[in-house]
Structure formats: C-alpha cells, structure tokens
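Below is one structure, written out as structure tokens, with a few remarks after it.
Numbering (my numbering), first residue to last: 1 to 153.
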C-alpha cells in the first residue's frame, strides 16, 4: 500500500513465458485455486514500468531490468472484485491495469513470496489461460499465443 492505508487502483500484470509459451503461474495464498501471473499495484511515485520490475522481483525472486520487459499498448479497466474492495478507498470501484510480458529462455525455478502465493508452476499457454481466475490475465495469455497459434492451423 502507498502512504495511506488504501491501495492505489493502478496495477500491472506481467505474463512471464518462454519462447515456446510455457507460462509461469502463481497460486494466491489467500485464495487457493486462484492462479495468476505476476500482478501488483503501483506504489508512491513509481511508473508502471518500475512497478512491473519490482513486482517480478518480489513475487518470483528474479532480478530483471526494464529493458527485458515488453510493454503492451493500452490498458485494461475492470471492476474490482468484491473480495478485494476493502483494500481500496470506499469510492473506488475500478482498477487500471497495464500489461507487460517477459520472455525467459527456459522455465526457471523461482522464489515465491509466501504471504502472496502458495506455489507456482510452468504450464503450456492454453492450460495457463484456462487456469486463470482473472479475465484480463486469461486474455493476455491468449493474446500472447494468438500469432503463433494462428500460424499452426
């Protein structure tokens, strides 16, 4: 959280994948069965890019640079799920999310943040997309796979 007690309704989603589209998935500690990519809210005066670099490190232990991230155009705006509304100021109902991707040469072992995630796994893109509880996360994985998938048919 930022300087006050509420989270900022601006976040990042970072889809970490390999060239053959193995996707890193993290299971939320507080919500068993909720699988996702790296996510997190902006803090203080961070840019979205700085937030993405920080969140990748906090949630996976990977030290990356901003140059390693692919910045996606646009942003997602979605209604904050009721179970997470208490984290935001009372009048806040929507979150702005910027999407990034990080391509690693191969699946790596990672170090999760136990307070945030229970476990992790690498999955083929279609299985990872199906496992996502978040529609924007699912859509990002499907978009990442679309150019490759379309040429294989």
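Cβ atoms here follow ideal geometry from the backbone N, Cα and C, with glycine treated the same way.
Here the structure is a predicted model, which is why all the values come from computation and not from measurement.
ask   = What separation, rounded to the nearest whole angstrom, lies between the Cα atoms of residue 121 and residue 113?
value = Along the chain shown, read from residue 1 onward, the residue named residue 121 stands at position 121. Along the chain shown, read from residue 1 onward, the residue named residue 113 stands at position 113. One C-alpha to the other measures close to 14 Å.
inquiry  = Taking the alpha-carbon of residue 68 as reference, which of 50, 81 and 75 has the nearest alpha-carbon?
reply    = Indexing the chain shown from 1 puts residue 68 at position 68. Residue 68 has its Cα closest to that of 50, out of 50, 81 and 75.
inquiry  = So, at 6 Å on beta carbons, what are the nonlocal neighbours of residue 92 in its own chain, with the 5 sequence-adjacent residues on each side left out?
reply    = Taking the chain shown and counting its residues from 1, one reaches residue 92 at position 92. Once the five neighbours on either side are set aside, the close Cβ partners of residue 92 are 9.
request  = With DSSP as the reference, label residue 50 as helix, strand or coil.
outcome  = If you number the chain shown from 1, residue 50 lands on position 50. Residue 50 falls in the helix class under three-state DSSP.
8 Å Cβ shell around residue 101 - same chain, five flanking residues per side excluded = Walking along the chain shown from the start, residue 101 turns up at place 101. 14, 15, 16, 17, 69, 70, 72, 140 and 144, listed in sequence order.
task = My understanding is that residue 77 touches residue 64, with C-beta atoms under 8 Å, so please give their C-beta distance in whole angstroms.
result = For the purposes of this step, residue 77 is taken as residue 77 along the chain shown, with counting starting at 1. For the purposes of this step, residue 64 is taken as residue 64 along the chain shown, with counting starting at 1. The pair is not a contact, with the Cβ atoms about 26 Å apart (cut-off 8 Å).
Which residues DSSP lists as bridging residue 155, in chain order = The structure shown has nothing for residue 155, since the chain only spans 1 to 153.
request  = Check the C-beta distance from residue 27 over to residue 118 and give it rounded, since I have them as a contact under 8 Å.
outcome  = For this step, residue 27 is matched to residue 27 along the chain shown. For this step, residue 118 is matched to residue 118 along the chain shown. Contact holds; Cβ gap of about 5 Å.
inquiry  = Strictly by DSSP, which residues pair up with residue 124?
reply    = Position 124 of the chain shown, counted from the first residue, corresponds to residue 124. DSSP output for residue 124 lists 22 as bridge partner(s).
task = Put residue 111 into one of helix, strand or coil per three-state DSSP.
result = Within the chain shown, numbered from 1, the residue matching residue 111 stands at position 111. Three-state result, residue 111: coil.
task = Compare the Cα-Cα distances from residue 147 to each of 12, 11, 6 and 19 and report the closest residue.
result = In the chain shown, the residue the question calls residue 147 occupies position 147. When only C-alpha atoms are compared, the closest one is 19.
query = Just to confirm, are residue 124 and residue 24 a CB contact at a threshold of 8 Å?
reply = As a first step, residue 124 is located in the chain shown; it is residue number 124 there, counting from the start. As a first step, residue 24 is located in the chain shown; it is residue number 24 there, counting from the start. Not a contact, by the Cβ cut-off of 8 Å.
query = Among residues of its own chain, excluding the 5 on either side of residue 87, which ones have a beta-carbon nearer than 6 Å to its beta-carbon?
reply = Taking the chain shown and counting its residues from 1, one reaches residue 87 at position 87. Same-chain partners within the cutoff: 7.
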